[in-house]
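Going down the list, the sequences are from chains A and B. Numbered according to my numbering, the first sequence spans residues 101 to 318. Numbered according to my numbering, the second sequence spans residues 198 to 294. Backbone N, C-alpha and C define an ideal beta-carbon position, used for all residues, glycine too. This one's a predicted model, so the numbers in the text were calculated from it and none came from an experiment.
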Amino acid sequence: VNDEIQITLNGEVYSLRKSKLREWIHLESLKDKIIELAERKDTAFSDAMCSYVSIFMNVDKEIISVLPWWEVFLLFFEISHFNRPNKELPIFRSIYEKSEEPPWNYPEREWYSWVDKFASKYGWSIEQIAELEIEDAFALAQEIATNEQLEREWEWARTEIAYPYDQGTKKHIFKPLQRPFWMLGIDPKKPVQTVKIPKHMMPVGNVIRSKSNEDIVN
Amino acid sequence: MKILSIEQATQFYNIVLPYLPDEDIDDPTTFASIIVNKIIEDEKYDDYLEMIRFFTDLSDDELGELGGEKVLLIFVEGLVENRIQVIKNYYEKLGFI
Chain A
101 VNDEIQITLN GEVYSLRKSK LREWIHLESL KDKIIELAER KDTAFSDAMC SYVSIFMNVD
161 KEIISVLPWW EVFLLFFEIS HFNRPNKELP IFRSIYEKSE EPPWNYPERE WYSWVDKFAS
221 KYGWSIEQIA ELEIEDAFAL AQEIATNEQL EREWEWARTE IAYPYDQGTK KHIFKPLQRP
281 FWMLGIDPKK PVQTVKIPKH MMPVGNVIRS KSNEDIVN
Chain B
198 MKILSIEQAT QFYNIVLPYL PDEDIDDPTT FASIIVNKII EDEKYDDYLE MIRFFTDLSD
258 DELGELGGEK VLLIFVEGLV ENRIQVIKNY YEKLGFI
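So this is what it looks like as structure tokens:
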């Protein structure tokens, strides 16, 4: 695992290590902002991109903002590629789950929710959490999320609503609590398989094709 | 020749975008001529002048004294030295289309 990157800037070589948790969360929020601004064709994205590079390299933003434009782009792409987590954890799939922004959201809430998660579970201080390696943070976050889900399932199984009455069988049948996407072992990036339907399962009768969309087939 | 910062390049990109060819063009002269021809076709001479201003510190009067061919040379050189041939690829990668 390569945890160090060498970047040459204005003739000076910078040896840089991967971001710790707090900086990583900050940079990821900034990256989302850059993409959002770019998609809106908002020229403010260039300032956000300079901030991104400047924070990671610990170099004044003024130095970055006067570099040739392509160098800033290349630095941004290189850093964001280097700074991504190495571990392929199933919990990353949770990003595919739709979630609406709750009304109690605020900037930097993501960071404080991580602090809340680790502080309440392990009793760590905010400084200790900020210095976590991102791989450790994600693996532990997955453990916390797994334990919470299994606990919820256990509690769910002990309630009446987990056993709805089935009219067909005239019995109460256990209905398991829905699991999050990443716990189901489904890869959302994998394309849906095409399944051939046997001929005998196709509709019976002549199929009359219309010559054009306007034609009505009786 | 002035080299564009990311802020200047973004402003430049917004102006040049309608004139950029759809396909990749390796030859800088062909690339520049496609842009210039499109500007002439659309009669957007203000855009041409605005883009040239990004590449030089010369005033509009000084540019006028230089003559069309020399101004065109500044424009082509500006496009080449500022790697405008690849600018679309970079911006598109971020969704800036």
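Is residue i helix, strand or coil when you go by DSSP?
i: N318 of chain A; result: The predicted model places N318 of chain A with a pLDDT of 44, which falls under 50 and marks its position as unreliable, so this point remains unresolved.
i: V113 of chain A; result: strand
i: Y287 of chain B; result: helix
i: E251 of chain A; result: helix
i: D244 of chain B; result: helix
i: Y210 of chain B; result: helix
i: A138 of chain A; result: helix
i: D219 of chain B; result: coil
i: E201 of chain A; result: coil
i: Q205 of chain B; result: helix
i: Q106 of chain A; result: strand
Hey, would you say residue i sits closer than 9 Å to residue j, going by beta carbons?
i: E126 of chain A; j: W211 of chain A; result: The question names Glu, but residue 126 of chain A in the sequence shown is His. Yes, the Cβ-Cβ distance between H126 of chain A and W211 of chain A is below 9 Å.
i: I231 of chain B; j: P218 of chain B; result: yes
i: R338 of chain A; j: Q249 of chain A; result: Missing from the structure shown is residue 338 of chain A; chain A here goes from 101 to 318 and no further.
i: A138 of chain A; j: F293 of chain B; result: yes
i: I179 of chain A; j: I105 of chain A; result: yes
i: S146 of chain A; j: T207 of chain B; result: yes
i: L167 of chain A; j: I284 of chain B; result: no
i: L277 of chain A; j: A262 of chain A; result: yes
i: K290 of chain B; j: F156 of chain A; result: no
i: K161 of chain A; j: S151 of chain A; result: yes
i: N211 of chain B; j: T143 of chain A; result: yes
i: Q242 of chain A; j: I191 of chain A; result: yes
i: D244 of chain B; j: I236 of chain B; result: yes
i: I249 of chain B; j: V277 of chain B; result: no
i: L240 of chain A; j: V159 of chain A; result: no
i: G343 of chain B; j: M198 of chain B; result: A question about residue 343 of chain B goes unanswered here, because the residues of chain B that appear run from 198 up to 294.
i: Q282 of chain B; j: F251 of chain B; result: no
Can you tell me the Cα-Cα spacing of residue i and residue j, whole angstroms?
i: N325 of chain A; j: P291 of chain A; result: Given a span of 101 to 318 for chain A in the structure shown, any question on residue 325 of chain A remains unanswerable.
i: E266 of chain B; j: T227 of chain B; result: 16 Å
i: N320 of chain A; j: V153 of chain A; result: This structure cannot speak to residue 320 of chain A, because chain A is shown only from 101 to 318.
i: D257 of chain B; j: G264 of chain B; result: 11 Å
i: M149 of chain A; j: K131 of chain A; result: 8 Å
i: I200 of chain B; j: Y288 of chain B; result: 17 Å
i: F173 of chain A; j: R252 of chain A; result: 45 Å
i: N318 of chain A; j: G305 of chain A; result: Summary for N318 of chain A: the model assigns pLDDT 44, below 50, so the residue's position carries little reliability, and this model does not support an answer.
i: E247 of chain B; j: N234 of chain B; result: 16 Å
i: P303 of chain A; j: T294 of chain A; result: 19 Å
Nearest to residue i by CA position, among the options, is which residue?
i: F281 of chain A; options: A:C150, A:P203, A:L189; result: A:L189
i: L121 of chain A; options: A:H300, A:E231, A:P202; result: A:E231
i: F238 of chain A; options: A:G223, A:W254, A:F218; result: A:F218
i: N279 of chain B; options: A:F177, A:W169, A:L175, A:F173; result: A:W169
i: S119 of chain A; options: A:P303, A:G305, A:E233, A:D266; result: A:E233
i: W124 of chain A; options: A:E235, A:W204, A:T269, A:H300; result: A:E235
i: L270 of chain B; options: B:D223, B:A229, B:E220, B:I222; result: B:A229
Margin query: Residues of the stretch 157–169 of chain A in Cβ contact with chain B at a cutoff of 9 Å, in chain order, please.
Written below: I164, S165, V166, L167, P168, W169
Notebook entry, point to check: Given a limit of 8 Å on CB to CB distance, which residues of the stretch 137–154 of chain A reach chain B?
Noted result: A138, E139, K141, T143, F145, S146, D147, M149, C150
Notebook entry, point to check: According to a CB-to-CB cut-off of less than 7 Å, which residues of the stretch 267–287 of chain B neighbour chain A?
Noted result: R280, Y287
Next item on the list: Please list the residues of the stretch 207–233 of chain B that have a C-beta atom closer than 8 Å to any C-beta atom in chain A, keeping them in chain order.
Entry: T207, Q208, N211
Checklist line | chain B contacts made by the stretch 277–300 of chain A, where a contact means CB separation under 7 Å | finding: none
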